[in-house]
Amino acid sequence: MNYFLSAFIGIIIGSLPTAYILLKYFKQINITENGSSNVGAFNSFKVSKSKVIGLLVLIIDILKGALTVTLIKILIGDEFIYLIIGIIGAVLSHCYSFWINFKGGRGLATAAGGAILISIPVLVIWFIIWLIAFLLRKNVHFSNISATILSAALSFSSAKFLIKYSSSKANSEMEFSLLITFLMLIIFIRHIEPLKQYYKKMLKERKYEQT
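When we follow this note's numbering, the leftmost residue of the sequence shown carries the number -9, and every step to the right adds one.
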């Protein structure tokens, strides 16, 4: 029962389409039909041309993850499996919100909000990999997907270390690795399309250089 309740809490909180609501209210813009159509902070900034709105979307989306974990701790308990199931539910419903025809963001901010309270080492490792990838390619989507894939891999290879320094301890290394990987998989899926566009752009640039 607690598993379903954890997922339900995450799904309800995560489904709040922050960017859609703020842009509709302040700019009368439907973000799902503008820019990249992604319902997240970066596209909110690009579409609205407002740093304030972009930052506000980012903060609220982070808080969705943190609030999910906090409520589960209060109502159910602080066992790792309940907390991570809640975050998986929050990220999934953020990416595919039923309020806006299952459209949404890419889940990074909401996942980060939960990671702050569950496993800071995972968040730190993800960010370090992201920074290295960005310095190499100067592309946000490439960095996002590189950090996501490698963080999932490290959740297996370095599970013992990550569990040791996490605030919420998993019952086993396998439980930790599988659930972290499942969370990363959702984020990975949401980045497939922008990654395709990135490589198409690279191929076009190479062909142009060769002509």
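Glycine residues also receive a C-beta, built at the ideal position from the N, C-alpha and C atoms. All values derive from a computational prediction rather than experimental measurement.
Along the chain, where does the alpha helix (DSSP H) containing residue i start, and where does it finish?
| i | result |
| --- | --- |
| alanine 160 | Taken as a continuous stretch (DSSP letters only), alanine 160 belongs to no alpha helix (DSSP H), as it is neither H nor E. |
| tyrosine -7 | -8 to 4 |
| arginine 127 | 110 to 127 |
| histidine 131 | 130 to 147 |
Give a yes or no on whether the C-beta atoms belonging to residue i and residue j are separated by under 7 Å.
| i | j | result |
| --- | --- | --- |
| alanine -3 | isoleucine 75 | yes |
| leucine 48 | alanine 123 | no |
| valine 131 | tyrosine 72 | Residue identity check: residue 131 is histidine in the sequence provided, not valine. Their beta carbons are not under 7 Å apart, which means histidine 131 does not touch tyrosine 72 by this criterion. |
| threonine 138 | phenylalanine 166 | no |
| glycine 95 | asparagine 24 | no |
| alanine 80 | lysine 54 | yes |
| isoleucine 170 | serine 136 | no |
| isoleucine 181 | asparagine 134 | The residue you asked about is not isoleucine; residue 181 is histidine in the sequence shown. Taking 7 Å as the Cβ cut-off, histidine 181 and asparagine 134 qualify as a contacting pair. |
| tryptophan 89 | proline 7 | yes |
| phenylalanine 70 | alanine 143 | no |
Just the Cα atoms here: how many angstroms apart are residue i and residue j?
| i | j | result |
| --- | --- | --- |
| isoleucine 21 | asparagine 33 | 8 Å |
| isoleucine 64 | threonine 58 | 10 Å |
| leucine 13 | lysine 41 | 12 Å |
| lysine 36 | lysine 17 | 13 Å |
| glutamate 157 | aspartate 68 | At residue 157 the sequence reads serine, which differs from the glutamate that was named. Each residue's Cα considered, the two are about 9 Å apart. |
| leucine 126 | isoleucine 66 | 43 Å |
| isoleucine 108 | tyrosine 86 | 23 Å |
| glycine 103 | valine 114 | 12 Å |
| leucine 152 | glycine 97 | 21 Å |
| isoleucine 110 | asparagine -8 | 24 Å |
| serine 162 | serine 141 | 18 Å |
Residues in its own chain within less than 6 Å of residue i by CB, not counting five upstream and five downstream?
| i | result |
| --- | --- |
| serine 26 | Asn33 |
| leucine 3 | Residue 3 is actually isoleucine in this sequence, not leucine. Cβ within range, chain order: Lys54, Leu57, Thr58 and Ala80. |
For residue i, which residues from the same chain have a beta carbon less than 7 Å from its beta carbon, with the 5 sequence-adjacent residues on both sides left out?
| i | result |
| --- | --- |
| alanine 101 | Gly55, Ile77, Val81, Leu173 and Ile177 |
| lysine 194 | none |
Enumerate, from N- to C-terminal direction, the unbroken alpha helix (DSSP H) stretches of 4 or more residues contained entirely within the stretch 18 to 78. Those alpha helix (DSSP H) runs which fall completely within the stretch 18 to 78 and span 4+ residues are 31 to 38 and 41 to 65.
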